[in-house]
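Quick note, the first sequence lines up with residues 0 to 861 if you use numbering that gives the first Met the number 0.
From the three backbone atoms N, C-alpha and C, an ideal C-beta is built for every residue, glycine too.
One structure is given here, and the rest of the page talks about it.
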Amino acid sequence: MSASPSVPDKPTLDGLEKRWAEHWESDRTYRFDRSKTRDEVYSIDTPPPTVSGSLHVGHVFSYTHTDTIARFQRMRGREVFYPMGWDDNGLPTERRVQNYFGVRCDPTLPYDPDFELPESPPKEPLPIGRKNFVELCLRLTGEDEKAFEELWRRLGLSIDWSLTYATIDARTQRISQTAFLHNLARGEAYVADAPTLWDVDFRTAVAQAELEDRERPGAYHRIRFDGGEGGIEIETTRPELLPACVALVAHPDDERYQPLFGAAATVPLFGTRVPVVAHELADPEKGSGIAMICTFGDTTDVTWWRELQLETRPVLERNGRLADVLWGTPGWETVDAVAAQDAYDQLAGLTVRQAQNKIVELLGADGALIGEPSPITHPVKFYEKGERPLEIVTSRQWYLRNGGRDDDLRQALLGRGAELRWFPDYMRGRYESWVGGLNGDWLISRQRFFGVPFPLWYRLDDDGNPDYDDPIVPDESSLPIDPSSDVPSGYTGDQRGQPGGFIGDPDVMDTWAASSLTPQIATGWIVDPDLHERTYPMDLRPQAHEIIRTWLFSTTVRAHLESNALPWRNAAISGWVLDPDRKKMSKSRGNVVTPMAMLDEYSSDAVRYWAASGRPGTDTTCKVDQMKIGRRLAIKILNASKFVLARFDDDNSLPSLDGATVTEALDASVLAALADLVDDATAAFERYDYARALERTESFFWRFCDDYLELVKGRSYGAHGPAAQQSANTALTASLSVLVRLFAPFLPFASEEVWSWWQDGSIHRASWPKAGELRTLAGDAADPAVFHTAGDVLSGLRKAKSEAKRKMRTPITVATVTDLPDRLAHLALARADVCEAGVVETLETREGSQLAVVATLAPEDA
RNA sequence: GGGCCGUUAGCUCAGUUGGCUAGAGCACCUGCAUGACGCGCAGGGGGUCAGGGGUUCAAGUCCCUUACGGCCCACCA
Numbered sequence: 000m001s002a003s004p005s006v007p008d009k010p011t012l013d014g015l016e017k018r019w020a021e022h023w024e025s026d027r028t029y030r031f032d033r034s035k036t037r038d039e040v041y042s043i044d045t046p047p048p049t050v051s052g053s054l055h056v057g058h059v060f061s062y063t064h065t066d067t068i069a070r071f072q073r074m075r076g077r078e079v080f081y082p083m084g085w086d087d088n089g090l091p092t093e094r095r096v097q098n099y100f101g102v103r104c105d106p107t108l109p110y111d112p113d114f115e116l117p118e119s120p121p122k123e124p125l126p127i128g129r130k131n132f133v134e135l136c137l138r139l140t141g142e143d144e145k146a147f148e149e150l151w152r153r154l155g156l157s158i159d160w161s162l163t164y165a166t167i168d169a170r171t172q173r174i175s176q177t178a179f180l181h182n183l184a185r186g187e188a189y190v191a192d193a194p195t196l197w198d199v200d201f202r203t204a205v206a207q208a209e210l211e212d213r214e215r216p217g218a219y220h221r222i223r224f225d226g227g228e229g230g231i232e233i234e235t236t237r238p239e240l241l242p243a244c245v246a247l248v249a250h251p252d253d254e255r256y257q258p259l260f261g262a263a264a265t266v267p268l269f270g271t272r273v274p275v276v277a278h279e280l281a282d283p284e285k286g287s288g289i290a291m292i293c294t295f296g297d298t299t300d301v302t303w304w305r306e307l308q309l310e311t312r313p314v315l316e317r318n319g320r321l322a323d324v325l326w327g328t329p330g331w332e333t334v335d336a337v338a339a340q341d342a343y344d345q346l347a348g349l350t351v352r353q354a355q356n357k358i359v360e361l362l363g364a365d366g367a368l369i370g371e372p373s374p375i376t377h378p379v380k381f382y383e384k385g386e387r388p389l390e391i392v393t394s395r396q397w398y399l400r401n402g403g404r405d406d407d408l409r410q411a412l413l414g415r416g417a418e419l420r421w422f423p424d425y426m427r428g429r430y431e432s433w434v435g436g437l438n439g440d441w442l443i444s445r446q447r448f449f450g451v452p453f454p455l456w457y458r459l460d461d462d463g464n465p466d467y468d469d470p471i472v473p474d475e476s477s478l479p480i481d482p483s484s485d486v487p488s489g490y491t492g493d494q495r496g497q498p499g500g501f502i503g504d505p506d507v508m509d510t511w512a513a514s515s516l517t518p519q520i521a522t523g524w525i526v527d528p529d530l531h532e533r534t535y536p537m538d539l540r541p542q543a544h545e546i547i548r549t550w551l552f553s554t555t556v557r558a559h560l561e562s563n564a565l566p567w568r569n570a571a572i573s574g575w576v577l578d579p580d581r582k583k584m585s586k587s588r589g590n591v592v593t594p595m596a597m598l599d600e601y602s603s604d605a606v607r608y609w610a611a612s613g614r615p616g617t618d619t620t621c622k623v624d625q626m627k628i629g630r631r632l633a634i635k636i637l638n639a640s641k642f643v644l645a646r647f648d649d650d651n652s653l654p655s656l657d658g659a660t661v662t663e664a665l666d667a668s669v670l671a672a673l674a675d676l677v678d679d680a681t682a683a684f685e686r687y688d689y690a691r692a693l694e695r696t697e698s699f700f701w702r703f704c705d706d707y708l709e710l711v712k713g714r715s716y717g718a719h720g721p722a723a724q725q726s727a728n729t730a731l732t733a734s735l736s737v738l739v740r741l742f743a744p745f746l747p748f749a750s751e752e753v754w755s756w757w758q759d760g761s762i763h764r765a766s767w768p769k770a771g772e773l774r775t776l777a778g779d780a781a782d783p784a785v786f787h788t789a790g791d792v793l794s795g796l797r798k799a800k801s802e803a804k805r806k807m808r809t810p811i812t813v814a815t816v817t818d819l820p821d822r823l824a825h826l827a828l829a830r831a832d833v834c835e836a837g838v839v840e841t842l843e844t845r846e847g848s849q850l851a852v853v854a855t856l857a858p859e860d861a
């Protein structure tokens, strides 16, 4: 502590971010000390933001929450391991690269090391090889990542930037491929040729976790099949799949259809003979009570097809159009191949939507359509990033066991959810309902390009057909590899694609398959065992609630399979930021404010204040009012600190707190109240309730300024002699030190600024305040009630002046305070300060049932 | 269909084991140049704690129920 603080004449928030961000960087304030051992470390599994565009205010919100926790733990003495990652692989980046550069990936093309982009983007997308495409992805994400880092530094995240990773970098690829090969060796990863949900625009399979329902218009079409007595009428929303019909199904107990079970019906237009079957998933209440099963209209069709062992008649191609079909050939038997072909040829090549219109026309002409289609709206499954409804196609895909088809594993993973500490606790329910509702294993392969390749090759037989059952696996020490350019040992490059040679697996892993390993990636599993040992398993997974079913669950799966343990102990789930007010989104006020613009306008501390006011797990609206309040709070801290410190100069130096005592009851009281605050804020932080810690601290701080500073102002300048002055100054400096440290996790810039006026080193490496030390300084007799009572009485005195519309320094000739005896006793202990602050000449007290203040003001004159 | 969260002042929200007369900020109104702060200070008005029922000496707080808002899961012919 320096003897005379250097306080600026006009404290300001302007320029603090830039100045302190540079200091923290050059001083390595947030650099992780890797000599620390696991028990001394607090490690955070930072969510890697998707790098495909820009960060929005929602990112600022949740990353601030984590940063307050990081700063709290650092001040408590833990060595905080707080890396940043970039989620740059995956579809969003691919889509952006295609649009930005005017290219498309054609994985059959070879790598062109001399490739250069044309001067201007070509009209037709330029086909380029996978490696060239990936290089463009890296170029674009590299630029975004720079902008992201700048924003995070400006916001004041206490990240150690030397630890940054990306989900496409070599380390991630090596770890992802290694983990996959372990899964494969243990039988947890397997390949299957099966119906899967398919996005026809992205032309890739998608996983259950990436689905969402959207309400879409549709229509029930009532269609008559020949069969039974007078035909069988079904209702369907997908008449275009009629050529793919393989059976009709009704509930086994449905008396209307029991006579038909085992009989055959004839599909209109196409003349296919299909069986009538029974299954309990058929709902007698729905439609006509009997449904057609197609390969495949929805996931229930898949269930029926599998459980009833029905035929397969796929009509949909992977591009979402109806395939060519030769009727009368095996699998496409019909009572009239010419008529079937005639009808079908009008559908082939059409999109689903076009085919639906056409078939309605054909059915109408045929007489098989009963009545008009009746419009409905119904939920339809979409890929969360997709634009057209998902279809179901049969394809060869990699799966990872996640409990969806194995109850023992499902129970084990539910157990992991129970073991994890959730903040807020009710978020655990989302995990449980998701795991409980899984209906299949995790489909991890994607027919895309910018991702981690499957590290596998397949042998080609003499006819050039691949053997998928016995892949060629690389040595782990050679990872990462790209099977589309690397060659398996024992082969030469010119054997690629040749009979007797090999091919590489063409797919990449789902983006979640890489990001499910962030705890391993961040801590250097297999690539940096020393770091891993010091930081894993991690302490905290902070994330938003909508990715519990994806990121949180998949990370739990990977750690459970690899290490048979949780990857972290705590999960802090943050809410979302809602649009400020849709109605007010007018052009006048430039509604879509970028985070950087908000930081510019209100200051980083102000924006952090808004973010930290959002309680854990709670969705919060983006309120600039709240930022203004934060800005005022930060300015108030500067000014109050200036007030406290400005009285100390070379002649009147800062009191040392070592061995100091306070002699005045009011001073002891405020320190005791402050000790309670420290307990409260610490307990709140320990349960990840940063919002409560902030609210309590803020609330105390305003009362501290309004009441305590006013009460001791005169005394601290010597109005009651040197001993009383010393007591005030000791309490003032101790309080300031504690309050600024309590604010440090929230307002890192203003608190660091204030700290620098009178302390050495960064406040962010200073120790978190200790209630016990405050209580020792306050002494055993200290009672927070003295401060509270004195403040209440002072308010009463002010009220008298305010109601008389007189200035606050107006003298009061006689003040009479009525109150309960014990409160009068408290008042007596602070009597001189109350009179000083209220400018009271004579103070009389009377016992009563509650506080009342009557004041006679000095006459008004010139 | 199953479950979770919420509903407190005009607005945004505190109110943790039930306990004096339900709080804060914003907005509004009235004042005030005061040894830091006018981006300030002092004060004021404003609430049937969503509705109903119950437990209790005592309920914003616990239980039941209804309504509304949001979310998760399941179903989706």
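Spatial neighbours of residue 787 in its chain, beta-carbon cut-off 7 Å, leaving aside the 5 residues before and after: Short of 7 Å from the beta carbon of residue 787, and not among the five residues preceding or following it, lies no beta carbon of its own chain.
Residues near residue 928 by beta carbon distance below 6 Å, same chain, minus five either side: Residue 928 falls outside the range modelled here, since the chain spans only 0 to 861, and no answer is possible.
Any non-hydrogen atom of the ligand ZN within 7 Å of residue 15 CB: Ligands in the displayed structure: none, and consequently the ligand ZN is not present.
8 Å contact criterion, which residue 197 and residue 392 should meet: CB distance rounded: Rounded, the Cβ-Cβ distance is 4 Å, consistent with contact.
Extent of the continuous beta strand (DSSP E) run through residue 211: Annotation: the continuous beta strand (DSSP E) that includes residue 211 extends over 210 to 224.
Cβ distance (whole Å) where residue 155 is taken to contact residue 748 below 8 Å: Contact flag correct, Cβ pair sits at about 6 Å.
Rounded separation between residue 6 and residue 625 - CA only: 28 Å
The region 124 to 134 / the region 106 to 114 touching (three or more Cβ pairs under 8 Å): yes
Helix, strand or coil at residue 380 [DSSP, three-state]: Judged by DSSP in its simplified three-state form, residue 380 adopts strand.
Meets three-Cβ-pair contact criterion under 8 Å: the region 291 to 299 and the region 236 to 253: Contact between the region 291 to 299 and the region 236 to 253 is present: 3 or more CB-CB pairs across the two stretches fall below 8 Å.
First through last residue of the alpha helix (DSSP H) which encompasses residue 502: Counting along the chain, residue 502 falls outside any alpha helix (DSSP H), though it belongs to the beta strand (DSSP E) covering 501 to 503.
Residues that DSSP places opposite residue 228 in a beta bridge: Partner residues in a beta bridge of residue 228, as assigned by DSSP, do not exist.
Delimiting residues of the alpha helix (DSSP H) encompassing residue 886: As shown, the chain starts at 0 and ends at 861. That puts residue 886 outside it, with no answer to give.
Secondary structure, alpha helix (DSSP H): runs of 4+ residues fully inside the region 512 to 538: 517 to 522, 528 to 534
Alpha-carbon spacing of residue 842 relative to residue 71, whole angstroms: Taking the Cα positions, residue 842 is about 45 Å away from residue 71.
Cα-Cα separation, residue 752 to residue 612: 22 Å
Per-residue DSSP class, three states only, for residue 258: helix
According to DSSP, residues forming a beta bridge with residue 117: None; residue 117 has no bridge partner.
Counterpart residues of residue 244 in DSSP-defined beta bridges: 293
CA-to-CA distance, residue 514 to residue 660, given in whole angstroms: 55 Å
Close-in-space but distant-in-sequence residues of the same chain around residue 554 (CB under 6 Å, 5 per side omitted): 515, 566
Residue burial classification, residue 303 (beta-carbon count within 10 angstroms, cutoff 16): With 16 or more other Cβ atoms within 10 Å, it is buried.
According to DSSP, residues forming a beta bridge with residue 390: According to DSSP, residue 390 bridges with 197.
Beta bridge counterpart(s) of residue 396 as assigned by DSSP: 191
Buried versus exposed, by CB contacts within 10 Å (16 or more), residue 45: buried
Continuous beta strand (DSSP E) stretch holding residue 273: start and end: 272 to 277
Contact the region 429 to 443 vs the region 402 to 409: 3+ CB pairs below 8 Å: In short, these stretches touch, since the Cβ pair count reaches three.
Inter-stretch contact at 8 Å, needing at least 3 Cβ pairs: the region 677 to 690 / the region 783 to 801: no
Presumed contact (8 Å Cβ cut-off) between residue 737 and residue 673, rounded CB distance: 6 Å
Cα-Cα separation between residue 458 and residue 482, rounded to whole angstroms: 12 Å
Classification of residue 17 by the beta-carbon crowding that lies within 10 angstroms, buried from 16 upward: Exposed, because fewer than 16 other Cβ atoms sit within 10 Å of the Cβ of residue 17.
Chain-order list of residues whose beta-carbon lies under 8 Å from that of residue 648 (same chain, five-residue window excluded): 3
Contained alpha helix (DSSP H) runs [length at least 4] in the region 88 to 139, N- to C-terminal order: 90 to 100
Assigned secondary structure, residue 81 (DSSP; H/G/I helix, E/B strand, else coil): coil
Run of the beta strand (DSSP E) containing residue 813, from where it starts to where it stops: 811 to 818
Nearest neighbour of residue 81, chosen from 517, 704, 136 [CA to CA]: 517
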